Amino acid sequence: MTSEIRGKALFGASSGQTYAPASAKPEPVCGPGEFVIAAVALDHGHIYGQCRGLVEAGATIKWVYDPDPAKVEAFRKVFPEAKAAPSEAAVLEDDEVRLVAAAAIPSERWALGLRVLASGKHYFTDKTPFTELSQLEAARKAVAETGFKYMVYYSERLHVESAVYAGQLIKQGAIGKVVQVLGTGPHRLGTGRPDWFFRKKHYGGILCDIGSHQIEQFLYFADCKDARVLHSKVGNYRNPDYPELEDFGDATLVGDNGATNYFRVDWLTPDGLGTWGDGRTFILGTDGYIELRKYIDIARSRDGGHVYLVNHEGEAYFDVAGKVGYPFFGELILDCLNGTENAMTQEHAFKAAELCLIAQRDAVRIR
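Every letter in the sequence shown is one number past the one before it in this note's numbering, and letter 221, counting from 1, is 990.
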């Protein structure tokens, strides 16, 4: 069970804020200028991963805009081809721009998305795309009316080679039918977080925010179109100085096909870990199981990309760093150009967001 070698992922960062893996051998799906994009709202560092993935797949960055000139200049050091736009309106009025990538404050992402869609462009936002269910409903309506995409950067699957490879193994039937997905999404809080990060009305809560990654992965790996949140809880164990911060959360879901999910997310990664979080995923099937050690294999390797497989044929280990690549970005470009849904369906992107909002809304506060 092998997959095509596509490139090399560069892992390792002290904080998830700066996680932006690069492919050593990018494979563009279009030529220069055929798919023009812009970056707007640079509030989270994930904007670099979003844009890097698109550029490696052939996109051309024409504009960058943020009210903070320092953020714009920092962005242009990485993407010097991007011109500093005088305003958001200047970007939205440019008919050459096909897609706007953004990493705004979470509570503001939906409103920006509505403006982008209304201007006749596709929207690619950092997760979480919404902080309230009413925002999701407004976005559903806007997509239906405009026909443009409201796509979401669920990076813990889309920009992680071990997760990409796990999806390929599952589609090949390596573990049979998936019956359960267990996910851990620990993160390091670090320093230098902006004030909005600690305000629940702005970040939405831990299950809404980083929990969205885990729910999206469950829906994808277990091939669920829908799911129910059975139980969820949140707490603040180590950060009393930030009473609105939730540094722990977990939830249990059951999919429409009977598959189950448990995940845990937290901001409790100790400083001694060699990366920002020991993210892992365990996928149980009727004929085997897969374990992903995404970003590190503690005490053995500080590189990511570890896949463990056990099935009726035996045990196997795959070091997939640099051998799988990130096909989502090229597929997204082609979807935008051709009106297809190969990268991710709109309903899948919205369903993951809906379930994380429900998990957050119904969570029991335990501390």
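We treat Cβ as the ideally placed atom computed from N, Cα and C, and that holds for glycine. A quick note: this is a predicted structure, and the numbers were derived from the prediction, not measured.
- DSSP places V1089 in the coil class of the three-state scheme, outside both helix and strand.
- In this structure, A935 and I1052 form a Cβ contact; the two beta carbons are roughly 6 Å apart against a cut-off of 8 Å.
- Counting only runs that start and end inside the region 1008-1040, the beta strand (DSSP E) elements of at least 3 residues fall at 1017-1024 and 1029-1035.
- In the DSSP assignment, P955 falls within the beta strand (DSSP E) that extends over V947 to P955.
- Per DSSP, the beta-bridge partners of E1060 are F1051 and Y1077.
- In this structure, V912 places its C-beta atom within 9 Å of the C-beta atom of Y919.
- Per DSSP, the beta-bridge partners of H1000 are T1021.
- One alpha carbon belongs to E1116, the other to L958, and they sit about 31 Å apart.
- A distance below 7 Å between beta-carbons, with the five flanking residues on each side excluded, links E1015 to the following residues of its chain, in chain order: G974, I975, V1003, G1004 and N1005.
- The beta carbon of N1030 sits closer than 6 Å to the beta carbons of V950, F987 and L1022 from its chain, once the five residues preceding and following it are set aside; these are given in chain order.
- Taking the C-beta atoms as reference points, V1034 is found nearer than 9 Å to H982.
- The alpha-carbon separation between P849 and A1028 amounts to approximately 46 Å.
- D1104: not part of any beta strand (DSSP E); member of the alpha helix (DSSP H) spanning P1096 to N1107, first to last residue.
- Short of 6 Å from the beta carbon of V805, and not among the five residues preceding or following it, lie these beta carbons of its own chain, in chain order: T829, K831, E865, V866 and R867.
- Using a Cβ distance threshold of 9 Å, L1061 and Y1086 do not count as a contacting pair.
- Leaving aside the five residues that flank F967 on each side, the residues in its chain whose CB is nearer than 8 Å to its CB run, in chain order, Y1011, E1013 and L1014.
- Here T900 is not near C799, since their CB atoms are 9 Å or more apart.
- Beyond the five residues adjoining it in sequence on each side, A1132 comes within less than 8 Å, by CB distance, of G974, L976, S1001, K1002, V1003, G1018 and A1020 in the same chain, given in chain order.
- Closest option to I984, judged by alpha-carbon separation, among R1007, R884, L1126 and L881: L1126.
- Distances from the CA of V1089 to each of S856, V921, A932 and G814 were compared; the closest alpha carbon is that of A932.
- CA-to-CA, the gap between Q937 and G802 works out to about 31 Å.
- Around the CB of E857, 16 or more other CB atoms lie within 10 Å, so the residue is classed as buried.
- In the assembly as shown, D964 is an exposed residue. Its beta-carbon has fewer than 16 other beta-carbons within 10 Å.
- For K840, there is no enclosing beta strand (DSSP E); the residue is part of the alpha helix (DSSP H) that begins and ends at P838 to V847.
- With a cut-off of 8 Å on Cβ pairs, the region 811-830 is in contact with the region 881-897, counting three or more such pairs.
- If you draw a straight line from the Cα of S924 to the Cα of H1081, it is about 31 Å long.
- Counting only runs of 3+ residues, the beta strand (DSSP E) found wholly inside the region 863-913 occupies 866-872 and 891-895, in chain order.
- A residue is called buried once 16 or more other Cβ atoms fall within 10 Å of its Cβ, and R926 is buried on that count.
- In chain order, A1020, T1021, L1022, L1124, I1127, A1128 and D1131 place their CB closer than 8 Å to the CB of V998, counting only its own chain and leaving out the 5 sequence neighbours on each side.
- DSSP places V921 in the strand class (E or B) of the three-state scheme.
- For V809, there is no enclosing alpha helix (DSSP H); the enclosing beta strand (DSSP E) covers residues V805 to L811.
- For D1066, the beta-bridge partners assigned by DSSP are S1070.
- Non-local C-beta neighbours of G1043 in its own chain, meaning closer than 6 Å and more than five positions away in sequence, comprise I1065 and R1071, ordered along the chain.
- Ranked by how close their Cα comes to the Cα of W1045, the residues D1104, D837, Y989 and P955 have P955 in first place.
- CA-CA distance, I816 to E914, rounds to 27 Å.
- Its chain contains T894 and P898 as the residues whose beta carbon lies nearer than 6 Å to that of R878, once the 5 sequence neighbours on both sides are disregarded; these appear in chain order.
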